[in-house]
Amino acid sequence: MTKNELRCMDEIERAFLIAEDYYGRSLQRCHMVQFSRRLKVTAGRAAYAWDCSPLSIKLSIPVMELNPEEFISRTPAHEAAHLIIAQVYGIETAPHGKKWKNLMRVLERDGSTKHSMKVVRKEYHYIASCGTPVTLLSGRHRNIQQGATYVLRGGGKITREGLVE
Ligand SMILES: [Zn+2]
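Anchor point for the sequence shown: position 142 equals 273 in the working numbering, and the numbering is continuous, going up by one each time.
Here's what the structure looks like:
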């Protein structure tokens with residue numbers, strides 16, 4: 132485990148300890164904390180069973196690598212809070228509702244629900260009609276795939292057919 136991954140583990144345990152003190156009861160820890168390369172935009176995910184026992188927390192390696200300090204100070208506690216709230220209040224409780232937000236205040240961690248951390252941008256490679264290779268990001272790629280044509284300064288055209296798979 133990397134140093135930052137260990138810091139995430141500490142943040143999760145810290146959240147459970149503070150919550151145990153705050154609610155005056157013991158809380159089940161999750162069976163598994165997974166660091167995933169597959170989560171590219173989502174920072175983390177928490178899963179619990181129908182009886183509200185905690186199953187897992189998944190944390191994104193790419194988002195953590197691009198924003199280590201912000202990630203560590205918000206995401207592990209955010210996900211742990213989901214598992215805590217489910218145990219304390221039951222499965223019907225709103226995931227980012229008042230109870231969850233209150234717990235985030237108790238944990239002294241950011242309770243905003245949409246992160247604005249940097250994420251890995253996916254790139255698409257095209258060859259223009261003049262033979263020039265071009266790299267595009269998802270917005271232009273989407274437009275071109277929907278039929279738009281971009282014209283390079285030299286006159287070459289980038290069209291749907293120019294996509295290099
Ligand atoms: Zn959440």
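Idealized CB from N, CA, C, for every residue including glycine.
Model, not experiment: these values are computed from the prediction.
query: Quick one: what's got a C-beta closer than 6 Å to Met248's C-beta in the same chain, skipping five residues either side?; result: Val194, Asn198, Glu201
query: Count the other C-beta atoms from every protein chain shown that fall within 10 angstroms of the C-beta of His256, then say buried if there are 16 or more, exposed otherwise.; result: exposed
query: Measure the alpha-carbon distance for Met235 versus Ala208 and round it to whole angstroms.; result: 8 Å
query: Work out the CA separation of Leu283 and Glu142 for me, nearest whole Å.; result: 49 Å
query: Do you know whose CA, among Pro264, Arg240, Ala174, Glu136, lies nearest Ile149's CA?; result: Arg240
query: For ligand 1, I want to know if Pro199 counts as a neighbour, meaning its beta carbon is within less than 7 Å of at least one of the ligand's heavy atoms.; result: no
query: Quick one: using the 10 Å Cβ neighbour count with 16 as the cut-off for buried, is Glu223 buried or exposed?; result: exposed
query: I'd like the list of long-range same chain contacts for Arg138, defined as Cβ closer than 7 Å, with 5 residues on each side in sequence excluded.; result: Ile203
query: Within 10 angstroms of the Cβ of Gly175, are there 16 or more other Cβ atoms? Answer buried if so, exposed if not.; result: buried
query: Thinking Thr206 and Leu190 are a contact (beta carbons under 8 Å), I'd like their distance in whole angstroms, please.; result: 6 Å
query: Just to confirm before moving on: does the CB-CB distance between Ser167 and Ile192 stay below 8 Å?; result: yes
query: Based on DSSP bridge pairs, tell me the residues matched to Phe166.; result: Leu190
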